[in-house]
Each structure stands twice: as C-alpha cells, then as structure tokens.
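Using the working numbering, the letters of the sequence shown correspond one by one to residues 15 to 407.
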Amino acid sequence: MRNKRKGPLGQATWAIHGDHPPGVPGDPVIPPEIRSSTFMGGGPDGSPVVYGRYGNAPTVEALGRKLALMEGTESAIALSSGMAAISLSILALVAQGDHVVSSRWLYGATHAFLTRELPRRGVESTLVDPLDPRSWKAALRRETRLLYLEMPANPTLRMVDPRPIVALGQEMGIPVVMDATFGALANFRPVRWGVDVVVHSATKYLGGHSDLVAGVVAGSQGLVNEVEALLHLYGPALDPHAAWLLDRGLRTLEVRVERQCRTALSLARWFKGHPAVAQVLYPGLPDHPDHHLAQELLEMGGGGMLGVVLKGGGKAADAFVEALGLAALAPSLGGVETLVSLPRLTSHRGLSPRDRQEQGIDEGFVRVSIGLEDEADLRNDFAQALAVLDGAS
Ligand SMILES: *Cc1c(COP(=O)(O)O)cnc(C)c1O
Numbered sequence: 015m016r017n018k019r020k021g022p023l024g025q026a027t028w029a030i031h032g033d034h035p036p037g038v039p040g041d042p043v044i045p046p047e048i049r050s051s052t053f054m055g056g057g058p059d060g061s062p063v064v065y066g067r068y069g070n071a072p073t074v075e076a077l078g079r080k081l082a083l084m085e086g087t088e089s090a091i092a093l094s095s096g097m098a099a100i101s102l103s104i105l106a107l108v109a110q111g112d113h114v115v116s117s118r119w120l121y122g123a124t125h126a127f128l129t130r131e132l133p134r135r136g137v138e139s140t141l142v143d144p145l146d147p148r149s150w151k152a153a154l155r156r157e158t159r160l161l162y163l164e165m166p167a168n169p170t171l172r173m174v175d176p177r178p179i180v181a182l183g184q185e186m187g188i189p190v191v192m193d194a195t196f197g198a199l200a201n202f203r204p205v206r207w208g209v210d211v212v213v214h215s216a217t218k219y220l221g222g223h224s225d226l227v228a229g230v231v232a233g234s235q236g237l238v239n240e241v242e243a244l245l246h247l248y249g250p251a252l253d254p255h256a257a258w259l260l261d262r263g264l265r266t267l268e269v270r271v272e273r274q275c276r277t278a279l280s281l282a283r284w285f286k287g288h289p290a291v292a293q294v295l296y297p298g299l300p301d302h303p304d305h306h307l308a309q310e311l312l313e314m315g316g317g318g319m320l321g322v323v324l325k326g327g328g329k330a331a332d333a334f335v336e337a338l339g340l341a342a343l344a345p346s347l348g349g350v351e352t353l354v355s356l357p358r359l360t361s362h363r364g365l366s367p368r369d370r371q372e373q374g375i376d377e378g379f380v381r382v383s384i385g386l387e388d389e390a391d392l393r394n395d396f397a398q399a400l401a402v403l404d405g406a407s
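Now the structure itself:
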C-alpha cells in the first residue's frame, strides 16, 4: 500500500500516530495492547526471538519507536522505571576502572547510584558545580566515559546551559547523558542542543496520569542496543499494559504541558503577590536566576513546576500543605492532578538544613506540580490554605 504520509512530522503528530501506517477499513484506530509474554519464532528459519524481558514485544517496541521520533534520536527504549533508564544507560557506558563526571544537582536515587553503587563496582564519580564550565573540565580524567546532567533541577528549577558541556564532551569524545524529566519532552528537546543520550522518568509528564511507572532511554542505535543487552541480564522490562498506558499518555502530552505552563505562570505571579510568600521559584518569572536561559531553551513556557517559599519556614509549610483541599500532598509530579511536596521531608531529607540552604531549598519550600484543574479553583485552594497561616501567626 502506498504510504500517504509525508514526513518529517511534528512532535504532536508523532505522539499520536507514531510510525503506524495508515489503516484500512476494519482496522482498530488505536493499536491494541498485546499482552502475550512470548511470541512464535526462534526457529530454524531464522525468525527472531521475541520475548517480554527482551523489550521487543510489539506494544513495548512500538512505544520505543514513537519515543525516538518524538525525541529526535535514532532509537529509544522504554523500561520499567526512570531509575531503570538512568542506571542502565550509565552502566552501558562504563566498566570497572572508568569515571563519570556529573552535575551535583541530582535526583536522590541517581545521586546514590553515582556515589554509592558505582564505586562498589569500581567506577568513580566526580560531582561538579554544573554552572561552572571550568569545573567540568577540571574533573575530567583519562578514564572519564560520560558527562551526566539533570535539568531543570529539582526542586529549584535551576537551568544549566548545556552548550559548553556538550562542546567539552565533543572535544573529548565523551557522550553527554541528560535526565530531562522536568523538561517533559514537549517543553525541552535536549538533542537540539547536542545532548547524546536523553533519559526520562516517564512516570511523570510522559505518562501524565499518575497511573504507571516507566522510564525512557533515547539515543543512538548503538547505545540503545547496549541498554537492551543489559535489559536481558538485569530484567527491568516494561509491562505491555504500562506501555499501552504510556502510549496513550503521550498522545496528549503537548496539550497537557501547554496548559500546565499557562496555569503555572499565572499562579506563580499570584503567589508572588501574596504576603505570606517569601519567594517564588519559576523559570517563567523574570526574577528567576535562569529566566533568560529558560526563554532560550524551553519551547512552551516555564514548565508546570513551581517552588513556593513561605515566610513562616517549615512550620508554615507543614500547616499550608495540611490545609489544602484540592492539591494533594504526594511525591511525584507531572500528572493531571496538582500535587505538592515538601523537599525537606522527601527528596532532600538526607541533607542537613544548611546543605539544603546552600542548594536554595529553604525550610519553608513547597514544591508544586501544577495539574489540569481549573486555575481559579487551584487559586482558591491555595488562598484558603495561606489564610490558615495568617490566622496561626
Ligand atoms: C522521578 C524521577 C526519577 C526516577 O524515576 P522513577 O520513574 O521513579 O524511577 C529520576 N529523575 C527525576 C528528575 C525524577 O523526577
């Protein structure tokens, strides 16, 4: 059949159609979920071995192709969690005796993987100040095999210009791996800035409905093959049902992120004008330290995450989240429902108050993941919770 589609297509179109050929009458409009754990083949005719743990079952493999088209990489693979994507993509690039240079701003489990788990396997990591390009260069060793970066950072939403780091990687022949979970794929496209390997926790914006745990590694075919080889051994394959749900989530990614950016900007401005609020961290506001970089790098707006620092410190933050009626207190982010969390009790509880302060995380810091509710309802909920603080002080 003649393929009537002319590529290349836009990201929102890839998100909906992937590389499925146009159908014929009687075809399902939505690709069915294929649950089978194993598939006929592996015979003397040379037919391939298709098996759930290999990551090549049809529902999971089609998702990988869609993600590569959306991310703009040669290949991609979906795995059973963001940490599976992060750990396997790093393990694919290092062996005993090798060395990693990474930004200090890291998701907690990634930090533990680099500083506790890899050393047990004879791989050292040096964590650097990501904003100082010289610190990356100074940390390089002959054994350095990858540069690792996470951006925008959790929970301060600080941004790093990837260009000098990418230039250094290219000069030295070392790939740059970026955790772009907070960029939500639709809002930030790391490969446009030369990043070699993109990893996501698809649990967040890509799935978008807080109903699955998944991860993505996107990069060259060679890198994805290496990750696949490790998948055979370690086994964090994505279940077909989670793959099907993730595929469905991707179809609405762009409109979700667009709306989240709009509501977040409006609420960031509103929080800023409230007397109980000491500071609002949002890349879409002119007073964010990386506002100009955000304007250059982010494609839809400042994103759906906000940091709200309350004047009353930890006590006020606790009272605020307890008083909320609509926004729910829960870890994770990027879903259709608005969630709040307290970094001092969750993602950054392992640090002393002083170390947190150094990272810009005040005791009164409330992280907000903006959902898709009516903006006025969210504003009313936040307003009544802040009013409780007024009464308490
Ligand atoms: C949640 C998260 C992860 C880990 O993802 P899981 O899907 O929970 O394994 C990694 N990096 C960032 C930035 C995250 O927010």
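The beta-carbon is built from N, C-alpha and C at its ideal position, and this holds for glycine as well.
Sequence-distant Cβ neighbours of G69 in its own chain, meaning closer than 8 Å and more than five residues away, are E75, G78, I91, A92, L93, E242, L245, A251, L252. Judged by DSSP in its simplified three-state form, G197 adopts helix. Secondary structure note for S89: its beta strand (DSSP E) is the uninterrupted segment 89-93. In the three-state scheme derived from DSSP, where H, G and I count as helix and E and B as strand, H214 is classed as strand. Proximity of the segment 82-89 to the segment 54-64 falls short of the contact definition, fewer than three beta-carbon pairs being nearer than 8 Å. Restricting attention to alpha helix (DSSP H) runs no shorter than 4 residues, the segment 83-162 encloses them at 96-105, 122-126, 147-153, ordered along the chain. Going by DSSP, V271 is part of the alpha helix (DSSP H) stretching over 267-286. In the structure shown, T170 falls within a coil segment according to DSSP collapsed to helix, strand and coil.
The beta carbons of G221 and G249 sit no closer together than 7 Å. Between the alpha carbons of G339 and R155 lies a distance of about 52 Å. Non-local beta-carbon contacts of G37 in its own chain, meaning distances under 8 Å to residues more than five positions away in sequence, involve V43 in chain order. Relative to ligand 1, the beta carbon of S61 is positioned no closer than 6 Å to any heavy atom. Judged by DSSP in its simplified three-state form, Q373 adopts coil rather than helix or strand. Distances from the alpha-carbon of A181 to those of R148, L267, G374 put R148 closest. For R177, the secondary structure class from DSSP, reduced to helix, strand or coil, is helix.
Here M319 is bridged, per DSSP, to S383. Taking a C-beta distance under 7 Å as the contact criterion, V350 and L343 do not qualify as a contact pair. Assignment of V63 by DSSP, reduced to helix, strand and coil, places it in the coil class. By the criterion of at least three beta-carbon pairs nearer than 8 Å, the segment 381-398 is in contact with the segment 270-284. Annotated three-state conformation of G229 is strand, per DSSP. Of the residues T52, I375, V211, the one whose Cα lies closest to the Cα of E88 is V211.
For the set T266, R206, K151, A333, the Cα lying nearest the Cα of I188 is the one of K151.
With the rule of 3 Cβ pairs closer than 8 Å, the segment 96-116 does not count as touching the segment 258-272. Secondary structure of L338 (DSSP, three-state): coil.
Between ligand 1 and G96, a heavy atom-to-CB distance of less than 6 Å is present.
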